[in-house]
Each structure stands twice: as C-alpha cells, then as structure tokens.
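Working notes for the structure below.
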Amino acid sequence: ALASIALAHPGSNVSPWVTLSAGHAIRSSADLRPEDLYARADAALYRAKAQGRDRVVG
48 ALASIALAHP GSNVSPWVTL SAGHAIRSSA DLRPEDLYAR ADAALYRAKA
98 QGRDRVVG
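Each number in our numbering corresponds to the 1-based position in the sequence shown with 47 added.
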C-alpha cells in the first residue's frame, strides 16, 4: 500500500505525505460515448478528494 511507503511530499499544502485518490466507473448501457464513462470516473475522483483524499470512490 502507498501509505506503508511513507513517501514525503514536502511541497504540498495538503499533506506531508504522498497520498492516492482514485475514482472509478464501470461501463453501463447508459455510457453511449467514452466521454460519458470518463465523466463519471472523473466525478468519482473529485468525490474521493472531497471525502478526505487517500481513498478510492466509484
């Protein structure tokens, strides 16, 4: 896990350590265009950051 590495991030105003936030989406029949799937994954990424970062949201 990334947290076990404890990689310093001295230039950050958010955290002294490198963290990972990820958003994921699973393709559904409503995703007619690749852009639709990308938009849902991107929205999930921002939800992960809003929930405190260092997590995966989908």
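A virtual CB, placed ideally from N, CA and C, is assigned to each residue, including glycine. Everything numeric in this text was worked out from a predicted model, so none of it was measured.
Per DSSP, reduced to three states, the secondary structure at residue 53 is coil, with no helix or strand assignment.
Residue 69 is not a Cβ neighbour of residue 87, given a cutoff of 8 Å. Cβ-Cβ distances below 7 Å link residue 54 to 64 and 65 in the same chain, with the five nearest sequence neighbours on each side left out; the list follows chain order.
Distances from the CA of residue 52 to each of 91, 67 and 96 were compared; the closest alpha carbon is that of 67. Per DSSP, the continuous alpha helix (DSSP H) segment holding residue 92 begins and ends at 81–97.
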